[in-house]
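Here the structure comes first, spelled out in structure tokens, and everything after it is commentary.
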Amino acid sequence: MTERARPHGVGLGLRWEFLEEVVDGPKLDVDFFEVSPENYMRRGGYYPAQLERVRERYPLSCHGLTLSIGASAEPDASYLTELRRELARLGSPWHSDHLCLSSSGSRQFHDLLPLKFARENLERVADRARRVQDALGVPLALENISYYGHPGRRELEEAEFVRGVVERAEIGLVLDVNNAYVNAQNHGGDPRDFIASLPLERVVEIHVAGHYRSPKGLVIDTHGTPVIDPVYELLELTLVKTGPVPVLLERDNDVPPLPELLSEVARLKRVYQRARETRTGYAKSA
Numbered sequence: 002m003t004e005r006a007r008p009h010g011v012g013l014g015l016r017w018e019f020l021e022e023v024v025d026g027p028k029l030d031v032d033f034f035e036v037s038p039e040n041y042m043r044r045g046g047y048y049p050a051q052l053e054r055v056r057e058r059y060p061l062s063c064h065g066l067t068l069s070i071g072a073s074a075e076p077d078a079s080y081l082t083e084l085r086r087e088l089a090r091l092g093s094p095w096h097s098d099h100l101c102l103s104s105s106g107s108r109q110f111h112d113l114l115p116l117k118f119a120r121e122n123l124e125r126v127a128d129r130a131r132r133v134q135d136a137l138g139v140p141l142a143l144e145n146i147s148y149y150g151h152p153g154r155r156e157l158e159e160a161e162f163v164r165g166v167v168e169r170a171e172i173g174l175v176l177d178v179n180n181a182y183v184n185a186q187n188h189g190g191d192p193r194d195f196i197a198s199l200p201l202e203r204v205v206e207i208h209v210a211g212h213y214r215s216p217k218g219l220v221i222d223t224h225g226t227p228v229i230d231p232v233y234e235l236l237e238l239t240l241v242k243t244g245p246v247p248v249l250l251e252r253d254n255d256v257p258p259l260p261e262l263l264s265e266v267a268r269l270k271r272v273y274q275r276a277r278e279t280r281t282g283y284a285k286s287a
């Protein structure tokens, strides 16, 4: 990844609810936008044309939803060909997706399901990730997901599994600190320990989002509420360790008016700057 091509600072997931404001309104204090290329592949007309206009004003990065890297079947070759074409069109410096399965054969689940934390899965997915990266022609990164139950008896801890996949495949990591928080709330453990166990030198982007706590106490990763204070705190601690990698605010459900999202982006920028200053202070005192 070249430094010239990398996103920087704090970005926002591009959503159709405010697409026209991004394209036609005044320049926003957003450093980049992230898009899901599946929403624009295989279609012409209005939305791809608008996306071209966004690209003229802001850097873009791509984050997918349908790679299903952990499925039993290999990704469809025609899908990878079209995805490669879309990534080239959008100028994204990498492509990221989720360390999960989301399909069985031709059937899409429209959900991100956890893989069994097993050595066989680690090796299989890592080998596939290398091949997918070659097929796409850009660096690949995978994201740690939130999950609510583990499929069978685990052989490895989650952090060990994630680390093993990205290191064996020699790919990047998208670190979702909200997912780390949600999993710790639901399954126990300290999200700070989980994050410290990951290969932070491989982090290319950090994601934050909001979640919902059900009346029975289950924490659900909805991407439908504002980011909460403990996740902001976890983000800041993480940025001190990783350095200034780009941060992305995700909001997929109950999308509020754009000014509300921009207020969250502004707060994230303050966290980002504090973390940079803290990291610089550590370096000077060393």
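Quick note: the sequence shown uses this note's numbering, first residue 2, plus one each step. C-beta atoms are modelled at their ideal positions from N, C-alpha and C, and glycine is treated no differently.
Backbone secondary structure at residue i - three-state DSSP
i           : result
residue 43  : coil
residue 1   : One cannot answer for residue 1 here, as it falls past the ends of the chain, which runs 2 to 287.
residue 295 : Residue 295 cannot be examined here, being either before or after the span of the chain that is shown, 2 to 287.
residue 128 : helix
residue 53  : helix
residue 25  : helix
residue 118 : coil
residue 93  : coil
residue 75  : coil
residue 104 : strand
residue 237 : helix
residue 271 : helix
residue 48  : helix
residue 151 : coil
residue 207 : strand
residue 62  : strand
residue 165 : helix
Beta-carbon separation (whole angstroms), residue i vs residue j, contact threshold 8 Å
i           : j           : result
residue 232 : residue 209 : 6 Å
residue 143 : residue 70  : 7 Å
residue 119 : residue 157 : 7 Å
Sub-8 Å separation of residue i and residue j beta-carbons
i           : j           : result
residue 280 : residue 248 : no
residue 103 : residue 113 : yes
residue 28  : residue 58  : yes
residue 13  : residue 266 : yes
residue 83  : residue 41  : no
residue 1   : residue 66  : Past the boundaries of the shown model lies residue 1; the chain is included only from 2 to 287, so the question cannot be answered.
residue 245 : residue 277 : yes
residue 166 : residue 100 : yes
residue 200 : residue 174 : yes
residue 81  : residue 136 : yes
residue 24  : residue 51  : yes
Straight-line gap, residue i to residue j (C-alpha atoms, nearest Å)
i           : j           : result
residue 132 : residue 194 : 31 Å
residue 189 : residue 7   : 35 Å
residue 117 : residue 22  : 42 Å
residue 225 : residue 147 : 15 Å
residue 46  : residue 91  : 16 Å
residue 17  : residue 261 : 16 Å
residue 64  : residue 111 : 15 Å
residue 20  : residue 39  : 16 Å
residue 4   : residue 141 : With a pLDDT of 38 at residue 4, under the threshold of 50, the modelled position of this residue cannot be trusted; read the value that follows with caution. The straight-line gap from Cα to Cα measures roughly 16 Å.
residue 11  : residue 227 : 16 Å
residue 138 : residue 85  : 7 Å
residue 212 : residue 183 : 8 Å
CB contact below 8 Å: residue i versus chain B
i          : result
residue 65 : Included in the structure is just one protein chain, with no chain B present.
Is the number of C-beta pairs between the segment 176–188 and the segment 233–248 that are closer than 8 Å three or more?
-> yes
Take every Cβ of the segment 144–151, pair it with every Cβ of the segment 69–76, and state whether three or more of those distances are shorter than 8 Å.
-> no
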